[in-house]
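A.B. asks: Residue numbers (the UniProt record's numbering): 1 to 243.
I have a structure I would like to understand better, so I am pasting it below and will then ask my questions one at a time.
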């Protein structure tokens, strides 16, 4: 990630912003906003709320989209939610998977996505993008919250990963339909190791892992990851908003 964030942003061909970039997020947004440095990043208007669900975001948009567009004229909105739908908090701030029925939880999210699209259809000059949900760890969050037995959450982490992968596949299809694109945030967590398997010791097999140590607590990014994600989003914003 370090070589990537050291590379300068590619400046847009034109200096005029024709769409105001707006990001609607849960608490992840605050971690990225605190890393703003460039003039292009300073153009972003942020709305974020700790623990926000996508339904809360849809209600917020229903109540505020008119005033936001009146203030900034045409906008490019990036909706970055889903984390707080996939897992729920219980005692002492610990979290657990909302449901092992991955179809149910994803359908609930996608229903809200469709309602947001319907809302935006009334503003054809503005652009809408749904940002993919990055993988995160129930185990690491609950470890951070000093849960006495995190082993009970290993299976939940596996199921959560499957839910997020399936959700992001649907988000990608939806973005394709509305002419938008989301960076792939989970790729920054991924790494592979090689090991010798079976009797054929000259053949190496890959194992795939995710480096959740890049998070402060299993969910919220540390500085390096926050800077990387902010740059990824900003690069997409430059393509979407400067023409």
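Backbone N, C-alpha and C define an ideal beta-carbon position, used for all residues, glycine too.
For the segment 4-63, list the alpha helix (DSSP H) runs that are entirely contained and at least 4 residues long, ordered along the chain.
C.D. replies: 28-33
A.B. asks: Exposed or buried, what is residue 124 when buried is set at 16 or more other beta-carbons lying within 10 Å of its beta-carbon?
C.D. replies: exposed
A.B. asks: So, using beta-carbon positions, are residue 238 and residue 9 closer together than 8 Å?
C.D. replies: Against a cut-off of 8 Å, the Cβ pair of residue 9 and residue 238 comes out as a contact.
A.B. asks: If we count the other Cβ atoms within 10 Å of its Cβ and call it buried at 16 or more, is residue 149 buried or exposed?
C.D. replies: Around the beta-carbon of residue 149, fewer than 16 other beta-carbon atoms lie within 10 Å, marking it exposed.
A.B. asks: Please classify residue 6 as buried or exposed, where buried requires at least 16 neighbouring CB atoms within 10 angstroms.
C.D. replies: Taking a 10 Å sphere around the C-beta of residue 6, we find fewer than 16 other C-beta atoms and assign the residue as exposed.
A.B. asks: Tell me the residue span of the alpha helix (DSSP H) that contains residue 120.
C.D. replies: Secondary structure note for residue 120: its alpha helix (DSSP H) is the uninterrupted segment 102-120.
A.B. asks: In or out: residue 2 buried (at least 16 other Cβ within 10 Å) or exposed?
C.D. replies: exposed
A.B. asks: Look at the alpha carbon of residue 232 and the alpha carbon of residue 86, and state the distance between them as a whole number of angstroms.
C.D. replies: 24 Å
A.B. asks: Tell me the DSSP secondary structure of residue 75 in three-state form.
C.D. replies: strand
A.B. asks: What is the DSSP secondary structure of residue 130, reduced to helix, strand or coil?
C.D. replies: strand
A.B. asks: Identify whether residue 67 lies in helix, strand or coil by the three-state DSSP scheme.
C.D. replies: helix
A.B. asks: Does the distance between the C-beta of residue 214 and the nearest non-hydrogen atom of the ligand NAD fall short of 7 Å?
C.D. replies: For the structure depicted, the ligand NAD is absent and the ligand set is empty, with no information on it obtainable.
A.B. asks: Return yes when the Cβ of residue 171 is within less than 8 Å of the Cβ of residue 212, no when it is not.
C.D. replies: The beta carbons of residue 212 and residue 171 sit no closer together than 8 Å.
A.B. asks: Could you tell me how far apart the beta carbons of residue 48 and residue 132 are, in whole angstroms, since I believe they sit closer than 8 Å?
C.D. replies: No, residue 48 and residue 132 are not in contact; Cβ-Cβ is about 17 Å, not under 8 Å.
A.B. asks: Check the C-beta distance from residue 32 over to residue 77 and give it rounded, since I have them as a contact under 8 Å.
C.D. replies: The beta carbons of residue 32 and residue 77 sit about 16 Å from each other, so the pair does not count as a contact at 8 Å.
A.B. asks: What would DSSP say about residue 219, mapped onto helix, strand or coil?
C.D. replies: coil
A.B. asks: Helix, strand or coil for residue 191, going by three-state DSSP, please let me know.
C.D. replies: Three-state result, residue 191: strand.
A.B. asks: Comparing C-alpha positions only, which one of 72, 35, 88 sits nearest to residue 52?
C.D. replies: 88
A.B. asks: May I ask which residues mark the beginning and end of the beta strand (DSSP E) holding residue 184?
C.D. replies: Here residue 184 belongs to no beta strand (DSSP E), and DSSP marks it neither H nor E.
A.B. asks: Any idea what DSSP makes of residue 234, helix, strand or coil?
C.D. replies: helix
A.B. asks: What do you get for residue 122, buried or exposed, if any count of 16 or more other CB atoms within 10 angstroms of its CB means buried?
C.D. replies: exposed
A.B. asks: Rounded to whole angstroms, what is the Cα-Cα separation between residue 190 and residue 15?
C.D. replies: 35 Å
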